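Asks:
Residue numbers (the working numbering): 76 to 295.
Put into structure tokens, the structure is as follows:
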């Protein structure tokens, strides 16, 4: 096992960033991919990981699938020839099929639901993630002429999450409510920047979020 800095690991792992969990042909549910898991102590273990559904399917759709990339990590370790299903509380992150999933205290905005593995879609000290939710009241069977990408686009919706390691994750919808406090909290270790946001200075408001994130990540 090799211990690496978590943040550095995430950046090195993502030479390409994926906008979706299920981009084809690089992702196929049920297939094993070379990757690794990052334990809570920072150790990394290489192995093979099995691609699962992007998110839990809605049981109201007459399907009960509660195992997904967001709720578990199915990991095979060739060193001891064992397969383990990790939960978000067991890992810092895992890397599967060119995608980095980070464990954080977020479950789609539902209070008290605990941790999830959330897909990194834009790397940085303050990074952007995508959380998937099954759309309600839709049939979940894939059509015979429906591609996997079209199928997942039909049954899932997404939420954009902003997160810095050690902070509280904030989704895009809630960011609009109390922006100055939530954004300032995400960048609180950069006091001058946080102060500009708190004071609602020109160029440091909700409409300038991308600029603020870039400034923070560049250390300006």
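No residue lacks a Cβ here, since even glycine has one placed at the ideal position from N, Cα and C. What you are looking at is a predicted structure, and each value in this text was computed from that prediction instead of being measured.
Is it a yes or a no for the segment 115 to 131 touching the segment 144 to 154, going by three-plus beta-carbon pairs under 8 angstroms?
Replies: Touching, yes, given that three or more Cβ pairs across the two stretches are closer than 8 angstroms.
Asks: Are the CB atoms of residue 288 and residue 296 within a distance shorter than 8 angstroms?
Replies: With the chain represented from 76 up to 295, any question about residue 296 goes unanswered, as that position is not in the structure.
Asks: Checking the sheet assignment: what are the DSSP bridge partners for residue 38?
Replies: As shown, the chain starts at 76 and ends at 295. That puts residue 38 outside it, with no answer to give.
Asks: What does the alpha-carbon distance come out to for the pair residue 125 and residue 275?
Replies: Distance between the alpha carbons of residue 125 and residue 275 is about 46 angstroms.
Asks: How would you label residue 251, buried or exposed, when you count the other beta carbons within 10 angstroms and need 16 or more for buried?
Replies: Exposed.
Asks: Go ahead and label residue 268 buried or exposed: buried means 16 or more other beta carbons lie within 10 angstroms of its beta carbon, across all protein chains shown.
Replies: Classification of residue 268: buried, given that the 10 Å Cβ count is 16 or more.
Asks: Residues in the same chain with beta-carbon distance under 7 angstroms from residue 202, minus the five sequence neighbours each way, listed in chain order, please.
Replies: Excluding sequence neighbours, residue 202 sits near 195 and 238.
Asks: Go through its chain and collect everything with a Cβ distance to residue 247's Cβ below 6 angstroms, but skip five positions before and after it.
Replies: Excluding sequence neighbours, residue 247 sits near 235.
Asks: In its own chain, which residues sit with a C-beta less than 7 angstroms from the C-beta of residue 210, not counting the 5 before and 5 after it?
Replies: Excluding positions up to five away in sequence, the list reads 230, 231 and 232.
Asks: With a Cβ-Cβ cutoff of 8 angstroms, do residue 296 and residue 256 count as a contact?
Replies: This structure gives no information on residue 296, because the portion of the chain shown stretches from 76 to 295.
Asks: In whole angstroms, what separates the C-alpha of residue 167 from that of residue 228?
Replies: Each residue's Cα considered, the two are about 27 angstroms apart.
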